[in-house]
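Trainee:
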Amino acid sequence: MLYREVGQYKTNYAADMALFPILQDRIGIAVILAIAFVLIPLSGNDFLLNAVMIPFLIFALAAIGLNLLTGYCGQLSLGTGAFMGVGAYACLKLTTFFPNVNIIVWIIASGFFSAAVGALFGLPSLRIKGFYLLVATLAAQFFLEWCFIRIPWLYNNVYSGNIVVPSRTLAGVPVTGPTATSLTRYLVVLSIVVIMTWVASNLVRGRIGRMWMAVRDMDLAAELIGIRLLRTKLLAFAVSSFYCGVAGAMLVFLWYGGAEPDVFNVDQSFISLFMVIIGGLGTMIGSFFGAALIYILPIALREVPAALGLPLYPATVEQLQFVIVGVLIIVFLVLEPNGLARLWQIGKQKLRVWPFPY
Amino acid sequence: MRLKHLALGLAVVMAVPAAVTAAQAENGIFLPQFTYRTGPFAGSGIPIGNGIHDYLTMLNERDGGIGGVKIISEECEDGYNTQRGVQCYDSVKDRHPVLVTPYSTGITEQLIPRAAVDKIPILSMAYGLSASADGTDFPWIFNAPDTYWDGASAFIRYAANKDGGFGKLKGKTIGLLYLDHPYGREPIPLLQALAKDYGFHLKLYPVPLSSMQSQSSEWLDIRRDRPEWLYIQGWGAMNPAAVQEAARNGFRMDHLVGVWWSGGDDDARPAGPGGKGYTTLDINNVGTNFPAIQDILKYVVNKGKSQTPKSQVGENLYDRAVLNAVLMVEPIRIAQKLTGKKEVTGADVRRGLEALNITEARWKELGLPNFAEPVHLTCSDHNGHSKIFVVKWNGTKWIKQPGSLEPIHSKVQPLIDAAAAQYVKAHAGWPKRTEPCQKSS
Amino acid sequence: MDILYQIFVGPFVQMATAPDLLVQTLWDGLVSGVLYALIALGFVLIFKASGVFNFAQGIMVVFAALTLIGLHQDGLPAFVALALTVVVMFVLAVGIERLMLRPLVNQSDFILFMATFGLTYFLIGFGQLVFGGNPKVMITSDLWLPSGAIQYTGLGGYVQFQKIDIAAVIITSIMVAVLAVFFQRTRIGRALRAVADSHQAALSVGISLEQIWVIVWFAAGVVALATGIMWGARSNVDFSLEIVALKALPVLILGGLTSIPGAIVGGLIIGVGEKLADFYWGPLMGGGIEGWFPYVLALVFLVFRPQGLFGERIIERI
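Protein chains in written order, with the numbering used here: chain V, 199 to 556; chain L, 1168 to 1608; chain Z, 12 to 329.
1. Threonine 1275 of chain L by DSSP, collapsed to three states: which one?
2. With H, G and I counted as helix, E and B as strand and the rest as coil, what does DSSP make of alanine 457 of chain V?
3. Determine, using beta carbons only, whether valine 1284 of chain L and glycine 1513 of chain L come nearer to each other than 7 Å.
4. Under 7 Å, Cβ to Cβ, is there at least one residue of chain Z near phenylalanine 625 of chain V?
5. How close, in whole Å, do the beta carbons of serine 470 of chain V and alanine 317 of chain V come, if the pair is a contact with beta carbons under 8 Å?
6. Between the segment 1553–1561 of chain L and the segment 1435–1445 of chain L, can you find at least three pairs of beta-carbon atoms closer than 8 Å?
7. Tell me whether threonine 78 of chain Z sits in a helix, a strand or coil according to DSSP, three-state version.
8. Figure out for me which residue from L:Leu1464, L:Trp1307, L:Gly1441 and L:Trp1402 has the closest Cα to the Cα of valine 1426 of chain L.
9. Would you say histidine 1172 of chain L reaches chain V, if we count a Cβ-Cβ gap shorter than 7 Å as a contact?
10. Distance, Cα to Cα, glutamate 1228 of chain L vs glycine 86 of chain Z?
11. Short check: CB of valine 387 of chain V to CB of leucine 255 of chain V, under 7 Å?
12. Could you tell me which uninterrupted beta strand (DSSP E) segments, each at least 3 residues in length, are contained entirely in the segment 117–172 of chain Z, listed from first to last along the chain?
13. Taking buried to mean at least 16 other C-beta atoms within 10 Å of its own C-beta, is leucine 1358 of chain L buried or exposed?
14. How many angstroms separate the CA atom of glycine 1570 of chain L from the CA atom of leucine 1361 of chain L?
15. Give me the Cβ distance between leucine 231 of chain V and isoleucine 238 of chain V, rounded to the nearest whole Å; I'm assuming they're in contact under 8 Å.
16. Less than 8 Å between the CB atoms is what I'm expecting for glycine 456 of chain V and isoleucine 361 of chain V, so what's the real figure, rounded?
17. Classify isoleucine 329 of chain Z: buried if its beta carbon has 16 or more other beta carbons within 10 angstroms, exposed otherwise.
18. Classify methionine 296 of chain Z: buried if its beta carbon has 16 or more other beta carbons within 10 angstroms, exposed otherwise.
19. Please tell me whether isoleucine 528 of chain V has its Cβ less than 7 Å away from any Cβ of chain Z.
20. Measuring only between beta-carbons, confirm whether alanine 489 of chain V sits less than 7 Å from chain Z.
21. Excluding the 5 residues preceding and the 5 following phenylalanine 1333 of chain L in the sequence, name in chain order all residues of the same chain whose CB lies nearer than 6 Å to its CB.
22. Looking at valine 170 of chain Z and glutamine 35 of chain Z, is the spacing between their C-beta atoms short of 7 Å?
23. I'd like to know whether the C-beta atoms of leucine 310 of chain Z and alanine 334 of chain V end up nearer to each other than 7 Å.
24. Below 7 Å on C-beta distance, what does tryptophan 242 of chain Z contact in chain L?
25. Within 7 Å (strictly less), CB to CB, does phenylalanine 250 of chain Z reach chain L?
26. Take the Cβ of tryptophan 344 of chain V as the centre, count every other Cβ of all protein chains shown within 10 Å, and call the residue buried at 16 or more, exposed below.
27. In whole angstroms, what separates the C-alpha of methionine 186 of chain Z from that of isoleucine 1460 of chain L?
28. Select from V:Gly424, V:Thr395 and V:Asp244 the residue whose C-alpha is nearest the C-alpha of methionine 409 of chain V.
29. State the start and end residues of the unbroken alpha helix (DSSP H) segment that holds glutamate 1242 of chain L.
30. On the three-pair Cβ rule with 8 Å, is the segment 231–250 of chain Z touching the segment 148–167 of chain Z?
31. Just to confirm, are lysine 1369 of chain L and isoleucine 1341 of chain L a CB contact at a threshold of 7 Å?
32. Using a Cβ cut-off of 8 Å, which residues of the segment 103–127 of chain Z contact any Cβ in chain V, in chain order?
33. Give me whichever residues DSSP pairs with threonine 374 of chain V in a beta bridge.
34. For leucine 1296 of chain L and valine 1591 of chain L, what's the separation of their Cα atoms in angstroms?
35. Please work out which residues of its chain come closer than 6 Å, Cβ to Cβ, to methionine 125 of chain Z, disregarding the five sequence neighbours upstream and downstream, and give them in chain order.
36. Name, going along the chain, the residues of the segment 160–181 of chain Z whose beta-carbon falls closer than 8 Å to a beta-carbon of chain L.
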């Protein structure tokens, strides 16, 4: 009843091909954006902004990046963490060399470095497929991790080997560094994530996205119909790494405010892969769902015993949280192997005929 | 059905801040404790978590807290994961903790820029950023009683003492076996500087995180280079593996010296009798033979008010945690004296830390005679660079060796100054210290 | 020129001048290779029969070792504890089959792979709840495993063979031999290979998939137990031991995901290769290259043989 596209006529191609052709979707997006841009900042809760929303958005962006590669182009990768790291280190170098250029420009630009590295490590994907590729991308992960520790130039020769984030301002308001408020950082992160999500969802609907999907479904067949595998796969690696790189730069500059190389370890890669698979391969919204489930759920779970007044040791809670998250992952996969995004779709289908299902 | 679940989940998320504010109403001094009783570093995290918890509980039970105000200590489990640690910080910081002890170098470094903004002092006891010993640039960070550079220099002094003077080090080979991680790399600049001065050869043996358990290639290198002395800067599973490999390779155990974080009982125990003679630097004494620790047994452990198994009390890392707890509590006490308030704030405790002066007599008053060397902090020196103990493993437990080692201050201080300057330069716009110095009392 | 010398000549000069170190390096590489192979074996068993890339193998190693030590600490004699641990691994296998694999039958590889992550999380949490997170010492001597070393003097120095390493090599060889016989000669083994070839064809001739899965997961559990004992004897048993699973992955793809001999040969190549590289060429790059070298080595092999050395040939049809 509420969610029906009946009667919404399209009179030109542009309207038909719009990102959100259905009025209700447009309203929904507007509401979500309004909540994200207005309501959440108004709440002014520092914990919500800094410990929940900022990392959630950053991880969602990394998940989108990986989803472009794995969900749309069918190439498994466990190099996400390292590619995020490349973005972070590139951003650090850029802002060190050109401190006067706006930091947000550099956060975006660092994605290009990550894209180049990603494309380089994507080369073996031409020969290697499936789980073999998955393990092969670990070579990128471990090699880059080693570089982050071993090349002092990357972290400006700071003796502790950590990324040190300088204070940078945007129109006089500090964006990075200790004096930047979580509200500013949240708004910057949110804007970048919204714009990049919008770009990505248009990208996958166009020629490039279709090429990726053809390669994903069967690369031999795709090659036969004239898709150049080398270019397509490398492009997927590059674009995916671009997104991961920007996410990595934001992670360090807009969330952590400084990081040790260990932040970009293989766990980060695994977690991004979880988010993508649990959220739903080949869907944009799935990346957000996955990030929410994997990142926010444990935070929430940890607070449950305290909220209920259960006298449990924090360590026990942590262990229980592992057990519960583990079981939930399996349960979700059993209930809906295509990820949370599929649940969302089913929900929308149901809404269509609600309240009079046939 | 499913939507209902989602809604439930959302409700839980929303309820989180509410629950947090509810707990705030309680009166007392809020001292959160970040622990890692889970995860790959739990072996070191458990005794540390237990020690701090037990000492604070003991004060609550025996004295009714600090100066009559109850300590509200709450654990936040971070699994030695930086992300989780930052979350822990975010979840406690609105409840006005008077002091935060992250117990992880990674987490400490995340919190350093935030401390001055949130007005919460950070105590990273003998870990964290060595440069933060500089109180002028880091007014809110304290890393008493020693930096890794003090440790490494004390190791060289120890080696020189055993070999018969610094002159004897000339031409010898000294190795550093370290976790290939910022923490492990800390002693390198100091050892390099000393190598130049005293003419010994420094050999580096990095252990990647992924081969912590099997260090056979590193030990092959060690066999090739035949270092006279080997200094271990390890943590977690790297330590027991290193001690075992040393025993296997017939390395002279009394020439194997660990930094204080390589001195857990669980680090030496797996090597069995082969580990006898393994030496580590230490910043605290070991054992249960102190009135305060007897009080812990009496008021806390024997009454079942903690998770600590009785055999763990008195182990090296447990006693280290007691030392840490003392360094948390004493500044609060001083702050109470300075301000005349009972319930002090983070800013007061920061002043208390800068006025911290635990003399030998004070250690005795605390029921911990000879438990640690005197610790004296000042406005500009947030570390104290105390003397360093040496303990030796006798096959079943650590034995403190007589005497203690003076760090080579003339080498450590320039490094700290340079590192602090570098940190401030890298953090363009690092705030200048505005906090006035305490007049010495 | 100097750098070229260091790369192409220096290491070989070193090998020639100190043959004892070369032999020691090779032996150490061999032993690590055998241990990597042991972990890889657990992966291969499961992948072969059910197509599941079992990420939980690493945590199963820890879990099995902790169960063994935990039971022993509760007062059971070592060998009773060992037998009981085997029973626990069997129960675990049945549980995994019932609760995880059966509902997920016929799902894509990704999903099953992901499910083993869920299993990993579960076992991490559950293991710590039951056994605590503190490190434990492996009960080596109670299991009649030798300690100490045999020292052989000669070659201009000495070569040391740890008895536990020798035991590891022998035990692994026996396990591999038993598994090979089991797979080649017994009825169940044949059924297992049939399942590996085609689930549907196997079902149609009356092979019970459920039974086969329980058997392979159980076998992988036993392999995990052996791995846990061997690795645990080298340092501690604690949850960081899980990282060793990462060391087995390059072995796995180098040897081929479906081949038992592949896991062994791959393990040896990686083990010896990484030790030689780290010892002779590592210092040129500042050391610590052990972390990534095996992956790069495997990657190089893969570029020439995308299915691994012994993997089944990939035949693609449109």
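The C-beta atom is built at its ideal place from N, Cα and C for all residues, glycine as well. In this text, all values refer to a predicted model and were calculated from it rather than measured experimentally.
Mentor: Quick look at the numbers:
1. Here threonine 1275 of chain L sits in helix by DSSP.
2. Here alanine 457 of chain V carries a strand assignment [DSSP, helix/strand/coil].
3. Contact: no.
4. Outside the displayed span of chain V (199 to 556) sits residue 625 of chain V, for which this structure offers no information.
5. Not quite, the Cβ-Cβ distance comes to about 18 Å (not below 8 Å), so this is no contact.
6. Because the criterion of three Cβ pairs below 8 Å is met, the segment 1435–1445 of chain L and the segment 1553–1561 of chain L touch.
7. The DSSP-derived three-state label of threonine 78 of chain Z is helix.
8. Of L:Leu1464, L:Trp1307, L:Gly1441 and L:Trp1402, the residue nearest in Cα terms is L:Trp1402.
9. In this prediction, histidine 1172 of chain L has a pLDDT of 46, which is less than 50 and means its spatial position is unreliable; nothing more can be read from the coordinates.
10. Those two C-alpha atoms are separated by around 36 Å.
11. One thing to note: valine 387 of chain V has its Cβ within 7 Å of the Cβ of leucine 255 of chain V.
12. Counting only unbroken stretches of 3 or more residues, the beta strand (DSSP E) elements lying wholly within the segment 117–172 of chain Z are 160–165, in sequence order.
13. Buried is the call here.
14. Taking the straight line from one Cα to the other gives about 23 Å.
15. With 8 Å as the limit, leucine 231 of chain V and isoleucine 238 of chain V do not qualify as a contact, their Cβ atoms being about 11 Å apart.
16. Yes, they are in contact, since the Cβ atoms of glycine 456 of chain V and isoleucine 361 of chain V sit about 6 Å apart, within 8 Å.
17. Flag for isoleucine 329 of chain Z reads exposed.
18. Only exposed fits methionine 296 of chain Z, as fewer than 16 other CB atoms lie within 10 angstroms of its CB.
19. Yes, contact with chain Z.
20. No, alanine 489 of chain V lies away from the interface with chain Z (no Cβ there is under 7 Å from its Cβ).
21. Sequence-distant Cβ neighbours of phenylalanine 1333 of chain L in its own chain, meaning closer than 6 Å and more than five residues away, are Ala1327 and Tyr1365.
22. Yes.
23. It is a contact, given that the beta carbons lie within the stated cut-off.
24. What tryptophan 242 of chain Z touches in chain L: Gln1380.
25. Interface residue, yes.
26. Classification for tryptophan 344 of chain V: buried.
27. C-alpha separation (whole angstroms): 51 Å.
28. Looking at the Cα atoms, V:Gly424 is the closest of the given residues.
29. The continuous stretches of alpha helix (DSSP H) do not include glutamate 1242 of chain L, which lies in the beta strand (DSSP E) extending over residues 1238–1244.
30. The segment 231–250 of chain Z vs the segment 148–167 of chain Z: in contact.
31. Before going on, a small fix: residue 1369 of chain L reads as leucine here, not lysine. In this structure, isoleucine 1341 of chain L lies closer than 7 Å to leucine 1369 of chain L by Cβ.
32. Result list: Leu110, Met111, Pro114, Leu115, Gln118, Ser119, Asp120, Phe121, Ile122, Phe124, Met125 and Ala126.
33. The partner list for threonine 374 of chain V (beta bridge, DSSP) reads V:Arg366.
34. Taking the straight line joining both Cα atoms gives about 13 Å.
35. For methionine 125 of chain Z, where only same-chain residues beyond five positions count, there are no Cβ hits under 6 Å.
36. Per Cβ criterion, the list reads Ala160, Gln171 and Gln173.
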